[in-house]
Ligand code: NDP
Ligand code: 8X3
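In my numbering, the protein residues as written are -5 to 237.
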């Protein structure tokens, strides 16, 4: 196996899906994760057919530590040589004030966006440390920089991702591992449909009246970050629709 290997969490839709396609086009073998196994299978098939790259799919819920550990522990040594980790799986659940938001929504966001990211990173980073190379890209958000009403917990989780990224960057420098954090705003993916618990009409209204970013815009940005020379690290990148 002589191509680079990238592990993308949350590759079944949106930013993760488009990043899988663009990295496949750019000669990466891919480890793709998510809960929707049908989508993982069809993406694997599409990439293998079109780009002839190898694809390993891992079907697990990142909120569940044991499930996550089990899935990552099942990776064969030849696939453990992961060059790039894209910590992308994440979500918003609800858009409600602190005094009436659903506790379950809070748990889901914290368990996915913070704890899930940590579970995956903890495993993969040790393989990178052994090889003294690697690049981790964490999906934060503009919401982590500019909190908005009714989004306290989502914004808080993304702020946590940004802060965790900053400390990781310093800790991992000695092992030759780069850490980048991206903060997009308003990317038209399944994000808002998930936030509104499946209400597609309400979700679409979020992007009315302006041209939002696409998953491909962020995937292109990820490719840019990954293709900088060894001595260049993009630390923190804010990207919004022009509007
Ligand atoms: P999507 O809803 O389109 O994609 C989210 C991905 O995360 C899916 O592949 C989903 O897979 C995966 N995921 C969610 N929960 C879990 C879980 N418990 N276990 C495993 N995988 C999970 O949204 P986006 O592509 O927009 O979001 C990707 C990332 O970008 C998120 O971290 C989001 O917070 C961030 N972001 C998004 C912005 C936007 O405006 N859309 C802006 C800024 C940041 P599955 O359901 O199959 O498990
Ligand atoms: C998602 C961006 O601003 O729609 O992270 O919450 S926002």
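Ideal Cβ placement from N, Cα and C applies to all residues, glycine included.
For residue i and chain B, any beta-carbon pair shorter than 8 angstroms?
| i | result |
| --- | --- |
| residue 1 | Considering every chain present, this structure includes no chain B. It has just one protein chain. |
Go through its chain and collect everything with a Cβ distance to residue i's Cβ below 6 angstroms, but skip five positions before and after it.
| i | result |
| --- | --- |
| residue 174 | 131, 219 and 228 |
| residue -5 | Residue placement at residue -5 cannot be trusted, given a pLDDT of 49 that sits under 50; what the coordinates show is reported in the next sentence. Correct list, in chain order: 72. |
| residue 122 | 128 and 171 |
| residue 163 | 173 |
| residue 147 | 100 and 103 |
| residue 135 | 152 and 177 |
| residue 10 | 2, 4 and 82 |
| residue 169 | 123 and 126 |
Count the other CB atoms within 10 Å of the CB of residue i; is the residue buried (16 or more) or exposed (fewer)?
| i | result |
| --- | --- |
| residue 38 | buried |
| residue 223 | exposed |
| residue 110 | buried |
| residue 204 | exposed |
| residue 80 | buried |
| residue 120 | exposed |
Within a Cβ cutoff of 7 angstroms, which residues of the same chain sit near residue i, ignoring the five residues on either side of it in sequence?
| i | result |
| --- | --- |
| residue 84 | 4, 106, 107 and 133 |
| residue 206 | 180, 181, 182 and 235 |
| residue 47 | -3, 18, 22, 23, 24 and 41 |
| residue 221 | none |
Shorter than 7 angstroms, the distance from the beta carbon of residue i to the closest heavy atom of the ligand 8X3, or not?
| i | result |
| --- | --- |
| residue 0 | no |
| residue 185 | yes |
| residue 104 | no |
| residue 145 | yes |
| residue 135 | yes |
| residue 28 | no |
| residue 86 | yes |
| residue 251 | In this structure the chain extends from -5 to 237, so residue 251 is not present and cannot be described. |
Compute the minimum distance between the beta carbon of residue i and the heavy atoms of the ligand NDP, and state whether it is under 7 angstroms.
| i | result |
| --- | --- |
| residue 150 | no |
| residue 231 | no |
| residue 192 | no |
| residue 120 | no |
| residue 10 | yes |
Spatial neighbours of residue i within its chain, please: C-beta separation below 8 angstroms, excluding the five flanking residues on both sides.
| i | result |
| --- | --- |
| residue -1 | 22, 23, 24, 25, 73, 75, 76, 77 and 78 |
Check your understanding: Does the segment 135 to 144 come within contact of the segment 22 to 30, defined as at least 3 CB pairs closer than 8 angstroms?
Key -> no
Exercise for review: Could you say if the segment 34 to 54 and the segment 79 to 96 meet the contact criterion of at least three C-beta pairs nearer than 8 angstroms?
Suggested key: no
Review point. Can you find at least 3 beta carbon pairs, one from the segment 8 to 19 and one from the segment 211 to 218, that sit closer than 8 angstroms?
Key: Output reads yes: the segment 211 to 218 touches the segment 8 to 19.
Point to revise | Runs of beta strand (DSSP E) wholly within the segment 72 to 154 (minimum 3 residues, chain order) | key: 78 to 81 and 128 to 133
Check your understanding: What alpha helix (DSSP H) runs, 4 residues minimum, are completely inside the segment 14 to 80?
Key -> 31 to 45 and 59 to 67
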